[in-house]
Each structure stands twice: as structure tokens, then as C-alpha cells.
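Participant: Please read through the structure below; I'll follow up with questions.
As C-alpha cells, then:
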């Protein structure tokens, strides 16, 4: 979780994003991979992972025998709660971590799982090793 918080602080005041990977069959995150946010014009309140990063990280995970567990992003100067935009773009079964960053400091984080594509989200405990 510390890597996600650090990434959020470094990217402030813009939303940062990345991908969490881990062993197949559970939701234990063993690696956090940074990705580029390709929504430049609204980077303070939107994110979209660069598809090239998505493909590269998926290939790296496959080669290591790992799965994509979920995705993370920051909310600069907003709570660590999913926005409508976040919920509508969510894929079922993946963990979504949101870290709140206020004045450049990470202050809170929450994890969610979408019950179906497009939500709704339910809170999810997250184990990071």
C-alpha cells in the first residue's frame, strides 16, 4: 500500500493510476505497477490507464505466473470514495483501490470490488504483501 500512497503523493495534484498483480486465485497484491494516465486535459479529476501499459503489465504478469488483481488511482483533494465515473467504468471481479491525497499528502485509502461491470461497488479488504 505504501507504493500506491507514494505514487499518489508524487503525482499530486493530478490523478495517478496503476495496476496491482498477484498470485492467481486470490486477491493478495504482491506487485504494484505504475501506469500512465492518458487523460491529460482532466488529469485532476479523471484517469484512464494507457492501453500500452495495460498490455505490457498483463504480459509481464502472465510471464511471471501472476494475474492482474485490480487497479488503483488517486483522488487529489477528494475523498477515497468511488465517483460515478469510477463506478461506471469498473469491471466485475477486480479490486479498485482509491487513495485520497490532500495538499500532496496521502491521507486515506479504500478498496472496492464491482459486483458487475459498471458497478455497484462494495467495500473490499485488501491484503498487500
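In our numbering, the protein residues as written are 2 to 130. Ideal placement from N, C-alpha and C gives every residue a C-beta, glycine not left out.
For the candidate residues 22, 6 and 7, whose alpha-carbon lies nearest to that of residue 33?
Facilitator: What you label residue 33 is simply residue 32 of the chain shown in a count that begins at 1. Comparing Cα positions, the closest option is 22.
Participant: Let me know the secondary structure DSSP gives residue 120 once reduced to three states.
Facilitator: As a position in the chain shown, residue 120 is number 119, starting the count at 1. Note: residue 120 maps to coil in three-state DSSP.
Participant: By the three-class DSSP mapping on this structure, what secondary structure does residue 61 have?
Facilitator: If you number the chain shown from 1, residue 61 lands on position 60. Residue 61 falls in the helix class under three-state DSSP.
Participant: Quick check on this structure: which residue in 35, 72, 88 and 94 has the alpha carbon closest to the alpha carbon of residue 12?
Facilitator: Translated into positions along the chain shown, residue 12 becomes position 11. Of the candidates 35, 72, 88 and 94, the one whose C-alpha sits nearest the C-alpha of residue 12 is 35.
Participant: Under a three-way DSSP split, which group does residue 6 fall into?
Facilitator: On the chain shown, position 5 is the one that residue 6 refers to. Residue 6: helix per DSSP, three-state reduction.
Participant: Rounded to whole angstroms, what's the CA-CA distance from residue 81 to residue 112? Just pull it up for me.
Facilitator: Translated into the one-based positions of the chain shown, residue 81 becomes position 80. Translated into the one-based positions of the chain shown, residue 112 becomes position 111. The alpha-carbon atoms of residue 81 and residue 112 are separated by roughly 9 Å.
Participant: So, helix, strand or coil for residue 45, using DSSP?
Facilitator: Position 44 of the chain shown, counted from the first residue, corresponds to residue 45. Three-state DSSP puts residue 45 in coil, outside helix and strand.
Participant: Pop quiz: residue 9 and residue 20 are said to be a contact at Cβ under 8 Å. What is the actual Cβ separation, rounded to whole angstroms?
Facilitator: Here the question's residue 9 lines up with position 8 in the chain shown. Here the question's residue 20 lines up with position 19 in the chain shown. Going by Cβ atoms, the distance from residue 9 to residue 20 rounds to 15 Å, so no, they are not a contact pair.
Participant: With a 10 Å radius around its C-beta and 16 neighbouring C-beta atoms as the bar for buried, classify residue 5 as buried or exposed.
Facilitator: Counting from 1 along the chain shown, the entry for residue 5 is found at position 4. Per the 10 Å Cβ criterion, buried.
Participant: Please tell me whether residue 100 and residue 93 are closer than 7 Å, where the distance is taken between their beta carbons.
Facilitator: Counted from its first residue, the chain shown places residue 100 at position 99. Counted from its first residue, the chain shown places residue 93 at position 92. Cβ distance not < 7 Å, so residue 100 and residue 93 don't count as in contact.
Participant: Is DSSP giving residue 31 helix, strand or coil here?
Facilitator: By one-based count along the chain shown, residue 31 stands at place 30. Reduced to three states, the DSSP call for residue 31 is coil.
Participant: Roughly how many whole angstroms lie between the Cα atoms of residue 29 and residue 70?
Facilitator: For the purposes of this step, residue 29 is identified with residue 28 of the chain shown, where counting begins at 1. For the purposes of this step, residue 70 is identified with residue 69 of the chain shown, where counting begins at 1. Their Cα atoms are separated by approximately 8 Å.
Participant: Pull up the distance between the alpha-carbon of residue 102 and that of residue 24, whole angstroms please.
Facilitator: Here residue 102 refers to the residue found at position 101 when the chain shown is read from its first residue. Here residue 24 refers to the residue found at position 23 when the chain shown is read from its first residue. Roughly 29 Å between the two C-alpha positions.
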